[in-house]
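S.K.: Right, I'll just put the structure down here and ask away after.
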Amino acid sequence: MTDERLVGEVGLSDIIDEAKFLHEADLFFQMFRVLFADLVLGDSIHLATHIILREKSAMEAFKLIEVEMGFMYDVLYTKLAKVRKSRVILRATTFLCLVSALLAFSLGMSKNNHGYLTAEITISYLLLYGAIAIEIYSVAVLLFSDWAMLWLTGKRKPLFGSVYRTICSSRFLSFLRNDKRWEKTIAQHNLISFQRSKGKLTSISLKKLLGKSNIQSSKDVGADLKDFIFKHLLDKRTRYNLRMRGHDPGRNDLHEILSERGDEVIGRMESLENFGWSVKSPDFNESLLAWHIATDICHHDDVRINGVDAIHLNTEISLELSNYMVYLLVDCPFLLPRGIGKERYNQTCSAVDDDATLLDRIISGQDPSWDSYETGLHFESNPRKVSALWAGVKLAKSLQALGTQDGWGNERKWEMISQVWVEMLTYAASHCGWKEHAQTLTRGGELLTHVCLLMAHLGLSEQCITSSKLDYIR
53 MTDERLVGEV GLSDIIDEAK FLHEADLFFQ MFRVLFADLV LGDSIHLATH
103 IILREKSAME AFKLIEVEMG FMYDVLYTKL AKVRKSRVIL RATTFLCLVS
153 ALLAFSLGMS KNNHGYLTAE ITISYLLLYG AIAIEIYSVA VLLFSDWAML
203 WLTGKRKPLF GSVYRTICSS RFLSFLRNDK RWEKTIAQHN LISFQRSKGK
253 LTSISLKKLL GKSNIQSSKD VGADLKDFIF KHLLDKRTRY NLRMRGHDPG
303 RNDLHEILSE RGDEVIGRME SLENFGWSVK SPDFNESLLA WHIATDICHH
353 DDVRINGVDA IHLNTEISLE LSNYMVYLLV DCPFLLPRGI GKERYNQTCS
403 AVDDDATLLD RIISGQDPSW DSYETGLHFE SNPRKVSALW AGVKLAKSLQ
453 ALGTQDGWGN ERKWEMISQV WVEMLTYAAS HCGWKEHAQT LTRGGELLTH
503 VCLLMAHLGL SEQCITSSKL DYIR
């Protein structure tokens, strides 16, 4: 079956261009319903979504997932799942009843002998006007929701297409449709700076007092980060040969790809012998913390040596993903693979407190000999070396030494670090259950959930079964 025929069979070929993304997101959402029910998915859907995605830019792909997550939120947490005539009639009836009540009340109050106080009348008017305003807003949200636009453009008539274009061009109406959308930011939590700020009255401590947990800041998820992640996922999809034949068609290959958490990148860069130990720990969270500390130290050391010129795009991506993953470990551990992440985090925090003076010198750039033999002995002799701090410092030393070797340099070093972080992100995304992902929708969703959905729609999920696999299973 050709790609055009496959996409045509799912009914997207005659949708107006401006609304095609809505119908593509609806197709993706139908696939999600199957995945959420923990069922397997055959060729027809996930191959179609793969064909759609591979023709998209990163920005377009993330927009599709954003709309799909809006559909998911409506189904799981609101009653706005489909626009039905009965719902519209009910809303209209409620609105008319409220208007009738207001008119009747106004008529009654027009008589001078009603006997009510002015304050009582004013409060009654405010309540009625407030109820009408809320109902008007609810009707507007219903009529201009993605569900309504999906229904409108699905009629495939020129007039409805023109109405849709008018709605999209209105800023106010677009606001009504985007109120559930992802904020396009990722929370940041840097372990070392967070520990160093304890005991000080900072914006971080004030946030914690206000119940805003351990979020130190937020970073916008810009085009560069989206491009970086999407390119990595497409590369994974390219390496996964859906049509391979063998004793176990495609299954083992997919399992290996989904199990990558940095080892594939390190091996591709011929550094597995030096860095393989850092990504092969049985506990994923231990590797995460070690790479987080190493990334932070490498960044500060590069700035100490080369100034701001040391900061490349891959440096920024590495820092953002590193701090985001630790935020998930601290505030959303249910999204990460099971382990003793919280215990490892607390151990590392205690170790950071013990070595606060030395770390202050390293982070501030005042100790150019931090990677000396004596410093290594200090960390190795520390009774808390079971923490990820010791592993992080050891890893940072190796990474900085790698950057000075022929054929490497800072840019290639940070390329490897950023690739390791995006592999850790995809590993965590694919090893989190759908119900856990759905929990994040109440606060707009997480980048991790976007990545997981993109992977599923590219066929990078154990629930995606091809015909060859079905033949083998039978």
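Residue numbers (the working numbering): 53 to 526. Positions of the beta carbon are idealized from the N, C-alpha and C atoms, including for glycine.
#1: From this set, Thr-174, Leu-373 and Leu-155, which residue's C-alpha is nearest Leu-500's C-alpha?
#2: At the level of alpha carbons, what is the spacing between Phe-344 and Thr-130?
#3: Leaving aside the five residues before and after His-502 along the sequence, list all residues of the same chain whose C-beta is less than 8 Å from its C-beta, in chain order.
#4: Is Leu-285 helix, strand or coil when you go by DSSP?
#5: Identify which residue in Phe-246, Ser-330 and Leu-74 has its Cα closest to the Cα of Phe-196.
#6: For the beta strand (DSSP E) containing Gln-515, list its first residue and its last residue.
#7: In chain order, what residues of the same chain lie with their CB nearer than 8 Å to the CB of Leu-87, ignoring the 5 residues before and after it?
#8: I need the DSSP call for Lys-271, collapsed to helix, strand or coil.
#9: Any C-beta of chain C sitting closer than 7 Å to the C-beta of Ser-374?
#10: Which residues in the same chain have their Cβ closer than 7 Å to the Cβ of Ser-450, if we skip the five residues on either side of it in sequence?
#11: Which two residues bound the contiguous beta strand (DSSP E) that contains Ala-239?
#12: Taking Ile-392 and Asn-337 to be in contact with their CB atoms under 8 Å, please state how far apart those CB atoms are, rounded to whole angstroms.
#13: Taking Cβ positions, are Glu-322 and Phe-386 nearer each other than 7 Å?
#14: Can you tell me the Cα-Cα spacing of Val-382 and Tyr-397, whole angstroms?
#15: Rounded to a whole number of angstroms, what is the C-alpha to C-alpha distance between Ser-138 and Leu-194?
#16: Using only CA atoms, which one of Val-360, Ala-448, Cys-484 and Asn-358 lies nearest to Arg-390?
#17: Enumerate, from N- to C-terminal direction, the unbroken alpha helix (DSSP H) stretches of 4 or more residues contained entirely within the segment 345-384.
#18: May I have the straight-line CA-CA distance separating Ala-71 from Val-191, to the nearest angstrom?
#19: With a 10 Å radius around its C-beta and 16 neighbouring C-beta atoms as the bar for buried, classify Glu-107 as buried or exposed.
#20: What does the alpha-carbon distance come out to for the pair Trp-199 and Leu-380?
#21: Which residues in the same chain have their Cβ closer than 6 Å to the Cβ of Ala-110, if we skip the five residues on either side of it in sequence?
#22: Thinking Thr-367 and His-351 are a contact (beta carbons under 8 Å), I'd like their distance in whole angstroms, please.
#23: If I'm right that Asp-406 touches Arg-248 with Cβ under 8 Å, what's the distance once you round it to whole angstroms?
#24: Buried or exposed: where does Ala-275 fall if 16 or more other Cβ atoms within 10 Å of its Cβ makes it buried?
#25: If we ignore side chains and look at the alpha-carbon of each, how far apart do Leu-324 and Ala-408 end up?
#26: What's the gap between the Cα of Ile-141 and the Cα of Phe-246?
M.R.: Per the coordinate set shown:
#1: Leu-373
#2: Sequence check: residue 344 is His here, not Phe. C-alpha separation (whole angstroms): 38 Å.
#3: Phe-114, Ile-117, Glu-118, Met-121 and Trp-234
#4: helix
#5: Leu-74
#6: Run containing Gln-515: none; DSSP gives neither H nor E here.
#7: Leu-93, Trp-486, Ala-508, Ser-513 and Gln-515
#8: strand
#9: Given the protein chain composition of this structure (a single chain), no chain C is represented.
#10: Asn-326 and Phe-327
#11: 237-240
#12: 7 Å
#13: no
#14: 8 Å
#15: 12 Å
#16: Cys-484
#17: 365-383
#18: 22 Å
#19: exposed
#20: 31 Å
#21: Lys-278, Asp-279 and Phe-282
#22: 6 Å
#23: Not confirmed; about 13 Å, so no contact.
#24: exposed
#25: 31 Å
#26: 54 Å
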